[in-house]
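Engineer: Positions 157 to 244 (this note's numbering) are the ones given, in order, by the sequence shown.
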Amino acid sequence: MNCRRGDLAVIVRAAAKGDEAYRKYTKRLIGKVVTVTKWEMQGTEVCWTIRSPFWMRIDGEKTRVTGIHDSLLQPIRGSAAREAELQG
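Structure below.
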């Protein structure tokens, strides 16, 4: 597992698995900073719930993003985490 509960994390990669639409959607999330709150298993993968869900348009449909797979995240810790929080 990359993250721990409460971590500030950045989405650093797109999904390598799943259908084309899912891979395309996760590619658009790269660079987004999130705070992870709790995890659950989705099949064989850890998926984190994020503190501040957000909306995005996927194939013309408005979709609420409430979680992200751990494998797509890199935690931000130490002074880098504080700086990212301040930049909001």
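Positions of the beta carbon are idealized from the N, C-alpha and C atoms, including for glycine.
1) Which residues share a DSSP beta bridge with G223?
2) On a Cα-Cα basis, can you pick out the residue from Q230, K188, W195, Q198 that is closest to F210?
3) Quick check on K188: does DSSP put it in helix, strand or coil?
4) Out of G162, R161, R169, point me to the one whose CA is closest to L229's CA.
5) How is the beta strand (DSSP E) around A165 delimited, first residue to last?
Structural biologist: In short, the structure shows the following:
1) Here residue 223 is taken as the residue at index 67 of the sequence shown, counted from 1. Looking at the DSSP assignment, G223 forms a beta bridge with T205.
2) Position 54 of the sequence shown holds residue 210. The alpha carbon of F210 has as its nearest neighbour, out of Q230, K188, W195, Q198, the alpha carbon of K188.
3) Numbered from 1 along the sequence shown, position 32 holds the residue referred to as residue 188. Residue state, collapsed to three classes: coil.
4) The residue labelled residue 229 in the question sits at position 73 within the sequence shown. It is R169.
5) Here residue 165 is taken as the residue at index 9 of the sequence shown, counted from 1. First-last of the beta strand (DSSP E) with A165: 164-167.
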